[in-house]
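Numbering (my numbering), first residue to last: 29 to 239.
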């Protein structure tokens, strides 16, 4: 679902993995997939992000409102850059390698120290829907979350009237854990949501290490 604000609590990674989650969230490494590059956002991405964030159909499925002007987009980017500086959970920009343009975002909405759990959320330009691109991006972020951060659980949710988002999660091995009636008040109405999750043991079963 859409990005939300939540502070990161301090927690150290196992000794075999240098650094802290704060350092990881602050640097968000570049991730390449066959058709995409996931990277940190910059203010130079404002026009690309505004191009799809002003679309009411994109905004209908997320928590944020459609951007009314480039100033809304720049305010969003300033918030993201602040998250990077503070080492808080944040998002990658999704860059299409065929155009070099930012076509969406994907990242961490919140992080629970005690439960070793994160929630992921994402958005994508409408002209890029139904091309398997978000499945590609989500798989890459799951691999990073379980393989590098070594977290225990990843959650994601979507509005019930947007089942295509659930199909993305299912393709990536996530399991539907239930429906939550009128859980979120958004855009003037209480809306039902679907919760999905995957454990690290589930991911490793689907993606056994090469011998």
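A virtual CB, placed ideally from N, CA and C, is assigned to each residue, including glycine.
Note on geometry: alpha-carbon atoms of residue 109 and residue 69 lie some 8 Å from one another. The straight-line gap separating the alpha-carbon atoms of residue 140 and residue 229 is approximately 18 Å. In this structure, residue 145 and residue 186 do not form a Cβ contact; the two beta carbons are roughly 18 Å apart against a cut-off of 8 Å.
A distance of 9 Å or more separates the beta carbons of residue 104 and residue 118.
Each of 132, 234, 66 was checked against the Cα of residue 82, and the nearest Cα belongs to 132.
The closest CA to that of residue 198, considering only 211, 183, 210, is found on 183.
Note that the C-beta distance between residue 194 and residue 208 is not below 9 Å. Nearest to residue 128 by alpha-carbon distance, out of 64, 156, 79, is 64. Rounded to whole angstroms, the Cβ separation of residue 101 and residue 74 is 5 Å, and the two are in contact under 8 Å. Residue 60 is bridged by DSSP to 65. Counting along the chain, the unbroken beta strand (DSSP E) around residue 184 starts and ends at 181-187. Listed in chain order, the non-local C-beta contacts of residue 80 below 6 Å within the same chain comprise 86, 153, local neighbours out to five positions each way being set aside.
For residue 214, the pairing in a beta bridge is given by DSSP as 217.
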